[in-house]
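UniProt numbering applies: residue 1 is where the sequence shown begins, and numbers increase by one. I have placed the structure first, in the form of structure tokens, so that the comments after it can refer back to it.
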Amino acid sequence: HAPRDERRFPTATGKANFTAAPVEHPELPEGRLLLQTLRSHDQYNTTIYGLDDRYRGIKGGRRIVMVNPDDAHALGLADGSYTDLVSEWKDGVERRAPGFRVVHYPTARGCAAAYYPETNVLVPLDATADTSNTPASKSVVVRFEPA
């Protein structure tokens, strides 16, 4: 059994120890947002069972990008308009996901969200977490270009 199941922890105090990792806040160039990729309601990992997301009120397709209305206004992105997402990474390679419908959504300012696997193309293979080596799919710098 795992230590959590028996509530016995092999530490000096016999209790679970929690640590906090420092959070890095990337500096975003003007006109860029930090994209996180996420799953919809009808999705298990990369298996998609439906095109609606009842969690977020999205209907009629998954090729959408959710943008805070204030950011969208500043970037000239009208609700329902179409845009290409282009990621920016230190290798200078252009990675483009074309034809995403803009959805004004209460994301955090400076951030956007879109579904994977549709946006996997935007994540560089060498953009990984330092220790776990997992893809940095929650932290992709993107710009928006007309579709």
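All C-beta atoms, glycine included, are put in the ideal place defined by N, C-alpha and C.
Query	Result
Work out the CA separation of ALA147 and VAL140 for me, nearest whole Å.	19 Å
Extract the residue ranges of the beta strand (DSSP E) inside the stretch 3-42, only unbroken runs of 3 or more that lie entirely within it.	33-38
Could you have a look at ALA121 and say whether DSSP puts it in helix, strand or coil?	For the record, residue 121 in the displayed sequence is Val; it is not Ala. Here VAL121 sits in helix by DSSP.
Name the two residues that bound the continuous alpha helix (DSSP H) containing ASP71.	69-75
Out of GLN36, ALA113, VAL65, ILE48, which one is the CA nearest neighbour of ASP79?	VAL65
Strictly by DSSP, which residues pair up with ALA114?	THR37, VAL65
With distances taken from CA atoms, which of VAL103, ALA113, ARG96, THR131 is nearest LYS59?	VAL103
Note down the Cα distance separating ASP130 from GLN43, rounded to an integer number of angstroms.	28 Å
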